[in-house]
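Using the numbering used here, read the sequence shown as starting at 1 and increasing by one per residue. For every residue, glycine included, the Cβ atom is placed at its ideal position computed from N, Cα and C. Below: the structure, in structure tokens.
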Amino acid sequence: MGILSLFFAIVLCTIQHTSWAMKTQGNSATLTRWDVNTSKRINQKGWDNYCEDDEYKDFDYSKFHPSHSVIFPRRPECQIKAKGVTDEEKHFIVKHHNEKRSKVAAGEEHHSATWSPQPKAANMKELTWNDELAYIAQKWADVCIYQHDTLYQPLYEAYKKTMMCSRSY
Numbered sequence: 001m002g003i004l005s006l007f008f009a010i011v012l013c014t015i016q017h018t019s020w021a022m023k024t025q026g027n028s029a030t031l032t033r034w035d036v037n038t039s040k041r042i043n044q045k046g047w048d049n050y051c052e053d054d055e056y057k058d059f060d061y062s063k064f065h066p067s068h069s070v071i072f073p074r075r076p077e078c079q080i081k082a083k084g085v086t087d088e089e090k091h092f093i094v095k096h097h098n099e100k101r102s103k104v105a106a107g108e109e110h111h112s113a114t115w116s117p118q119p120k121a122a123n124m125k126e127l128t129w130n131d132e133l134a135y136i137a138q139k140w141a142d143v144c145i146y147q148h149d150t151l152y153q154p155l156y157e158a159y160k161k162t163m164m165c166s167r168s169y
């Protein structure tokens, strides 16, 4: 955070007429959400998933990088048969990932090549679904480029790093 930790970062919102005020102190931050029209405080949803519904879909990701994954146009040669996942599928994916991670955390998994035990994890947290990351991943899949995406920065990561943003929170 550096010198930004000494200042208040005020984020003006343009999409849903709300604003976030952030007060930083050391390595911690306090977020408060306000309705611009009524000047009333809005209950915040929390730091982990502060984007409401599909707000991120209206954001101009080119502000992060002119070649951000979301900006790539769908290629006509991509024969997309299905897109997205249901809430049940999200739950299934997260549940099974967390079950595997729990085994690793408990030291119950073995190295695939040597079959020696993996060390226990000191502080392995549970995964949660992130709709914005799923949206970015789907946009990348729609382009049909079969390699790792290196320009996928989500809004919450950019916001946490810079503490400034030009979109609605």
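Paired residues, beta bridge with residue i - DSSP
{"i": "proline 117", "result": "His110"}
Beta-carbon spacing of residue i, residue j below 8 Å
{"i": "tryptophan 129", "j": "valine 94", "result": "yes"}
{"i": "lysine 120", "j": "glycine 107", "result": "yes"}
Inter-residue Cα distance where the pair is residue i and residue j
{"i": "lysine 81", "j": "aspartate 142", "result": "10 Å"}
{"i": "proline 117", "j": "cysteine 144", "result": "37 Å"}
{"i": "histidine 96", "j": "glutamate 109", "result": "15 Å"}
{"i": "aspartate 60", "j": "asparagine 123", "result": "36 Å"}
{"i": "isoleucine 136", "j": "threonine 114", "result": "36 Å"}
{"i": "histidine 68", "j": "leucine 133", "result": "13 Å"}
{"i": "aspartate 131", "j": "glutamine 138", "result": "10 Å"}
{"i": "leucine 4", "j": "phenylalanine 72", "result": "Because leucine 4 sits at a pLDDT of 29, beneath the cut-off of 50, its placement in the model cannot be relied upon, and the point is left open."}
{"i": "cysteine 51", "j": "serine 62", "result": "Unreliable placement is indicated for cysteine 51, whose pLDDT of 39 sits below 50; no coordinate value is reported for it."}
{"i": "valine 104", "j": "proline 66", "result": "39 Å"}
{"i": "glutamine 79", "j": "tyrosine 146", "result": "14 Å"}
{"i": "glutamate 77", "j": "histidine 148", "result": "19 Å"}
{"i": "phenylalanine 92", "j": "serine 112", "result": "24 Å"}
{"i": "leucine 127", "j": "glutamate 89", "result": "15 Å"}
{"i": "arginine 75", "j": "phenylalanine 64", "result": "22 Å"}
From the options, residue whose alpha carbon lies closest to that of residue i
{"i": "valine 70", "options": "Glu77, Phe92, Lys57", "result": "Lys57"}
*Does the count of Cβ pairs from the segment 97–104 and the segment 78–85 closer than 8 Å reach three?*
no
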